[in-house]
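Residue numbers (the numbering used here): 422 to 494.
Now the structure itself:
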């Protein structure tokens, strides 16, 4: 959906924002984690305005490439 650059110490990092669509459910809350095969997202806002689906706005968790040894692709 979008990304923004933040500065932590001397390092710039990009925060990617995604829309995640799920079946309707009432238990998902802000701050929960969504884990996929390749990425982990933190739920920023659940949108329950549609009866047939739940749309989450989530941010991909930041991984520091210098310490993990992996890239975030």
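Glycine included, each C-beta is placed from N, C-alpha and C at the ideal position.
Please determine, among the options, the residue with the shortest C-alpha to C-alpha distance to residue i.
i, options, result
"residue 443", "472, 437 and 459", "472"
For the beta strand (DSSP E) holding residue i, just list the boundary residues, first then last.
i, result
"residue 466", "461 to 468"
"residue 456", "454 to 456"
For residue i, collect the residues of the same chain with a Cβ closer than 8 Å to its Cβ; drop the 5 residues on either side in sequence, then sort them by chain order.
i, result
"residue 466", "451, 477 and 478"
"residue 474", "442, 443, 444 and 445"
"residue 468", "475, 476, 477 and 478"
What are the residues that DSSP puts in a beta bridge with residue i?
i, result
"residue 476", "442 and 468"
From residue i to residue j, what does the alpha carbon distance come to, in whole angstroms?
i, j, result
"residue 440", "residue 462", "10 Å"
"residue 482", "residue 447", "23 Å"
"residue 454", "residue 470", "21 Å"
"residue 490", "residue 460", "Note that residue 490 scores 46 on pLDDT, short of 50, meaning its location in the model is unreliable and no value can be drawn from it."
"residue 458", "residue 435", "20 Å"
Ignore the nearest five residues each way along the sequence and tell me which others in residue i's own chain have a CB closer than 6 Å to its CB.
i, result
"residue 449", "467"
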